[in-house]
Structure formats: C-alpha cells, structure tokens
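First residue of the sequence shown: 0, per numbering that gives the first Met the number 0; consecutive thereafter. Cβ atoms here follow ideal geometry from the backbone N, Cα and C, with glycine treated the same way. For clarity, every value in this text was computed on a predicted model and none was experimentally measured.
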Amino acid sequence: MPTLPLWLEPVERLLDAGGAVLMVLAFVAVLVFGMAIERWWYYRFSWRRARRQLIRRWAARSDHRSWSARTLRNVWTEALVAKLRRPLPWIKLLVALCPLLGLLGTVTGMITVFDSLSLSDTHQARAMADGVARATLPTLTGMAIAVVGLLFISRLEHVIRREDQRLHDRLARALEENDA
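Here is the structure:
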C-alpha cells in the first residue's frame with residue numbers, strides 16, 4: 000500500500016477507526032459546508048447588487064400605487080428572496096441525514112464488534128471496549144456535523160428574514176424619495 004503524506008495520517012487513522020460510514024459523513028460534511036460557503040459568498044457579493052438593481056427598477060417605474068404595480072413588486076421581491084433561500088432545503092436535508100448516518104455507523108460497528116467477539120475464543124473486555132469506542136465514533140461525527148449545520152441554518156434563516164424586511168423597507172423608502 001502506498002504511503003500517504005504525513006499530514007494525511009490522522010485522517011487515515013480516523014477513517015480506519017470509523018469505517019465506511021465515516022467516509023460518507025465526510026462527503027456529506029463537505030457538501031453542507033460547501034453550500035454554506037456558497038451562500039455566504041452569494042450574500043456577500045451578489046445579493047446586495049441584485050437588491051440595488053431591483054430598487055432602481057422599482058423606483059424607475061411610473062406606476063407604484065395600482066394593484067398590478069404592488070403585485071409586480073411582490074413578485075419581484077419574492078423572486079429575489081427565493082434566490083437567497085434556494086439551497087436551504089438541501090442543507091436542511093443533509094443536516095438531518097447526518098445523525099442518521101452516524102447511527103448507521105454505530106450499528107454496523109457494533110455488529111462487527113459482536114461478530115469478531117463471537118469468532119474469538121477469548122472474550123476480552125478490553126477488545127469489546129475498544130470496539131464499542133470505535134463504533135460510537137460515527138455517531139459523534141454525525142452529531143457534530145449536524146450541530147454546526149443547524150447553527151448555520153439558523154443564522155441563514157435569520158439573515159433571510161432580515162434581508163426580506165430590509166428589501167421591503169428600501170423599496171418603500173425609494174418610493175418616498177421618488178415622490179418628494
């Protein structure tokens with residue numbers, strides 16, 4: 000087997016200790032945190048530009064008071080906020096999946112432990128304790144990823160609510176400045 004670079008040895012030991020489910024959890028974690036970084040990037044660089052364009056487009060209209068103008072304003076704002084909200088259901092799904100994958104890793108690890116104990120002639124408590132410790136590692140990992148993911152989801156939902164309110168406030172302010 001080829002030797003890995005020194006900086007990858009801890010990762011290799013972690014994956015050996017947790018099994019194949021830990022690899023799946025690592026992939027899910029990369030997806031969750033990749034989506035989180037993408038949302039931060041979108042909010043930081045694209046959202047404000049899109050919001051300014053929408054406010055300019057709304058202020059440039061001659062009709063602001065009719066039912067059709069208010070409906071158009073709502074459609075525009077909902078479409079823009081939907082862009083900010085777009086990956087949220089996927090992130091929620093992946094975060095909810097993490098503890099379940101961790102539990103799957105624990106169950107498969109315990110099956111392996113009991114299988115190896117049944118095949119050995121000696122029933123050592125130390126071997127069983129090591130196996131149980133190895134089996135609980137995927138659950139711990141799944142829960143850790145889920146907790147961090149839930150923190151991100153909570154923050155993103157707060158930002159979405161705040162930005163939705165700001166958008167409506169700025170559209171109203173643009174209308175007031177236009178009338179003055």
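Under the rule that 16 or more other beta-carbon atoms within 10 Å means buried, what is residue i, buried or exposed?
i      : result
Trp89  : exposed
Val20  : buried
Leu150 : exposed
Trp66  : exposed
Val94  : buried
Tell me the rounded alpha-carbon separation between residue i and residue j.
i      : j      : result
Trp46  : Leu14  : 39 angstroms
Val10  : Ile144 : 16 angstroms
Ala134 : Thr107 : 8 angstroms
Ala171 : Lys82  : 21 angstroms
Asp62  : Ile159 : 28 angstroms
Arg60  : Ala68  : 9 angstroms
Ala132 : Gly17  : 9 angstroms
Met251 : Glu8   : This structure gives no information on residue 251, because the portion of the chain shown stretches from 0 to 179.
Arg51  : Val29  : 32 angstroms
List the whole-angstrom C-beta distance separating residue i from residue j, where the pair is believed to meet the contact cut-off of C-beta under 8 angstroms.
i      : j     : result
Arg104 : Val31 : Note that residue 104 corresponds to Gly in the displayed sequence, not to Arg. Their Cβ separation, rounded to whole angstroms, is 17 angstroms, which puts Gly104 and Val31 out of contact at 8 angstroms.
Pro98  : Met34 : That pair is no contact at about 18 angstroms.
Do the CB positions of residue i and residue j come within less than 9 angstroms of each other?
i      : j      : result
Leu79  : Ala49  : yes
Thr140 : Leu24  : yes
Leu136 : Met127 : no
Leu166 : Leu53  : yes
Tyr42  : Glu162 : yes
Glu156 : Pro86  : no
Leu100 : Val27  : yes
I'd like the list of long-range same chain contacts for residue i, defined as Cβ closer than 6 angstroms, with 5 residues on each side in sequence excluded.
i      : result
Gly130 : Val112
Arg56  : none
Phe44  : none
Report all residues from its chain with a CB closer than 8 angstroms to the CB of residue i; omit the five preceding and five following residues, and keep chain order.
i      : result
Thr138 : Pro98, Gly101, Leu102, Gly104, Thr105
Take residue i and list the residues in its own chain whose beta-carbon comes closer than 7 angstroms to its own, dropping the five residues that flank it on each side.
i      : result
Leu183 : Residue 183 is absent from the model: the chain starts at 0 and stops at 179.
Arg84  : Ile159
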